[in-house]
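> Please find one structure pasted underneath; my questions will follow.
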Amino acid sequence: MAIPSLDFGRTGHESSRTIFGAAALSQVSQDVADRTLEVLIRFGVNHIDTAASYGDAELRIRPWLKREPGRFFLATKTDERTKAKAREELHRSLDRLGVDHVDLWQLHNLADPIEWDTALSPGGVIEAAVEARAEGLVRFIGVTGHGAQIAANHRRSLERFDFDSVLLPYNFVTMQLPYYAENFEALARTCAERNVAVQTIKSIALRPWLGRERTRSTWYEPLEAQADIDLAVWWVLGRPGVFLNTAGDVGVLPRVLDAAERFEKRPADAELTQMLERSKAEPLFV
1 MAIPSLDFGR
11 TGHESSRTIF
21 GAAALSQVSQ
31 DVADRTLEVL
41 IRFGVNHIDT
51 AASYGDAELR
61 IRPWLKREPG
71 RFFLATKTDE
81 RTKAKAREEL
91 HRSLDRLGVD
101 HVDLWQLHNL
111 ADPIEWDTAL
121 SPGGVIEAAV
131 EARAEGLVRF
141 IGVTGHGAQI
151 AANHRRSLER
161 FDFDSVLLPY
171 NFVTMQLPYY
181 AENFEALART
191 CAERNVAVQT
201 IKSIALRPWL
211 GRERTRSTWY
221 EPLEAQADID
231 LAVWWVLGRP
241 GVFLNTAGDV
251 GVLPRVLDAA
261 ERFEKRPADA
271 ELTQMLERSK
281 AEPLFV
């Protein structure tokens, strides 16, 4: 068995439907990172999603790219909003990763209205991205984000610029919020029409930590039991055409990949409802 693959939008790359979320590497040793690489290879994951702001993640990935040249579609992100600073950050990312280009460069968490306007206006990061693409430093350009407004924000972003990919939360709990669900569905339709790749995050999010002791490196409390992770992962993968970016913790990674490898069909909503009631799930965004 192997994790299924799918054309990553218009890029020409066939990506594993589970994409490695390299936030999991932000605070681990190289030894832990290298053991994580073995897990990815075992499950056939061929797409890495990292960011300049993910601690040491870009540095931890660097030896992988030398050891396994051409194996991974490589994506990173910038938090900068202006052209000059974003260009500096891109060159820093390339240096840290030890590569001369990345496949996908993403505008990270473009949610704040003022930052959004700065980023997508003259002198903004989008100009740096277009120039970098012309220079061969990046092949494709994407946009990412979090929060209850982000599906609506991404719709606006696609009206302003023809992004190659979007990334945003998608799980059963979040999709029970009518405003979010309505905008997600509208965004998904636009992406399908334009062949824009849709990456999803927070598949196994259970609830905010809310004062509880943090036992994982994720900023939210994740599902832990394999049976619960199975249901959550299968529900996401049950939507045709989307990718699932794995959670930011190396400890839960094998469970998510194991679930993805065994995916056959989407579970009934009633199964998710029962599991989340039992687990006392709460939405991350309201």
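Oh and the sequence shown: position 283 is 283 in this note's numbering, straight run, nothing missing. Backbone N, C-alpha and C fix where the C-beta goes; we use that ideal spot for every residue, glycine too.
(1) Spell out whether any CB of chain B is found under 8 Å from the CB atom of E89.
(2) Report yes or no: do three or more beta-carbon pairs, one from the region 103-114 and one from the region 70-84, lie closer than 8 Å?
(3) Given a cut-off of 8 Å, decide if A22 and I61 are closer than it, judged by their beta-carbon atoms.
(4) A205 and L284 look like a contact to me (Cβ under 8 Å); what is the Cβ gap, rounded to whole Å?
(5) Unbroken beta strand (DSSP E) runs of length 3 or more, entirely within the region 104-144: which are they?
(6) Report the rounded CA-to-CA distance for A38 versus A148, giving the unit in angstroms.
(7) On a CA-only basis, which of P222, L210, S93, T200 is nearest L237? Give me that one, please.
(8) Could you tell me the boundaries of the beta strand (DSSP E) in which E182 lies?
(9) Within the region 199-236, note down every full beta strand (DSSP E) run reaching 3 residues or more, in order along the chain.
(10) Given 8 Å as the limit, is there contact between the region 125-136 and the region 165-174, that is, 3 or more CB pairs closer than that?
(11) Three Cβ pairs or more, each shorter than 8 Å: is that satisfied between the region 116-130 and the region 141-160?
(12) My output table needs one value for I150: the three-state DSSP class, helix, strand or coil.
(13) Among the candidates F8, T18, D95, whose CA atom is the shortest distance from the CA of A2?
(14) Quick check on N195: buried or exposed, where buried means 16 or more other Cβ atoms within 10 Å of its Cβ?
(15) Report back the beta-carbon spacing between S15 and F243 to the nearest angstrom; my notes put them in contact at under 8 Å.
(16) To the nearest whole angstrom, what separates the beta carbons of F288 and D103, a pair I think is in contact under 8 Å?
(17) So, does the region 224-241 touch the region 31-49, judging by three or more C-beta pairs under 8 Å?
(18) By Cβ distance, which residues of its chain are closer than 6 Å to A86, with the 5 residues on each side in sequence left out?
(19) Which one or two residues does DSSP pair with A197 in a beta bridge?
(20) Just checking my contact of L257 with V45 at CB under 8 Å: how many whole Å lie between their CB atoms?
(21) Grab me the residues of F263's own chain with a C-beta within less than 6 Å of its C-beta, minus the 5 sequence neighbours each way, in chain order.
(22) Can you give me the start and stop residues for the alpha helix (DSSP H) that T273 sits inside?
(23) Would you please state the rounded distance, in angstroms, between the beta carbons of D164 and T36? I believe it to be under 8 Å.
(24) Since H47 sits in a beta bridge, which residues does DSSP pair it with?
(25) Could you please give the first and the last residue of the uninterrupted alpha helix (DSSP H) stretch that includes Y61?
On the basis of the data shown:
(1) The chain inventory of the structure shown lacks chain B, comprising one protein chain alone.
(2) The region 103-114, when compared against the region 70-84, does touch it at the 8 Å Cβ threshold.
(3) Cβ atoms of I61 and A22: closer than 8 Å.
(4) With a Cβ gap of about 6 Å, A205 and L284 count as contacting.
(5) Contiguous beta strand (DSSP E) elements confined to the region 104-144 occur at 138-144, taking only those with 3 or more residues.
(6) Rather than Ala, the amino acid found at residue 38 in this sequence is Glu. The alpha-carbon separation between E38 and A148 amounts to approximately 35 Å.
(7) The shortest Cα separation from L237 among P222, L210, S93, T200 belongs to T200.
(8) Note, E182: premise wrong, no beta strand (DSSP E); alpha helix (DSSP H) at 178-194.
(9) With a minimum length of 3 residues, the continuous beta strand (DSSP E) runs that stay inside the region 199-236 are 205-208, 220-222.
(10) Not touching, per the Cβ criterion.
(11) By the Cβ criterion, the region 116-130 is in contact with the region 141-160, since at least three pairs of Cβ atoms, one from each stretch, lie closer than 8 Å.
(12) Taken through DSSP and simplified to helix, strand or coil, I150 comes out as helix.
(13) The candidate whose alpha carbon is nearest that of A2 is T18.
(14) With fewer than 16 neighbouring CB atoms inside 10 Å of its own CB, N195 falls in the exposed class.
(15) Yes, they are in contact, since the Cβ atoms of S15 and F243 sit about 6 Å apart, within 8 Å.
(16) The question about residue 288 has no answer here: the residues shown for the chain are numbered 1 through 286.
(17) By the Cβ criterion, the region 224-241 is not in contact with the region 31-49, since fewer than three pairs of Cβ atoms, one from each stretch, lie closer than 8 Å.
(18) Excluding sequence neighbours, A86 sits near T78, E80, V125, A128.
(19) The partner list for A197 (beta bridge, DSSP) reads S165.
(20) Cβ-Cβ separation between L257 and V45: approximately 7 Å, consistent with a contact (criterion under 8 Å).
(21) Correct list, in chain order: W234, L237.
(22) For T273, the enclosing alpha helix (DSSP H) begins and ends at 269-279.
(23) Not quite, the Cβ-Cβ distance comes to about 27 Å (not below 8 Å), so this is no contact.
(24) Beta-bridge analysis with DSSP links H47 to F73.
(25) Correcting the residue type first, residue 61 is Ile in the shown sequence and not Tyr. I61 -> alpha helix (DSSP H) spans 57-67.
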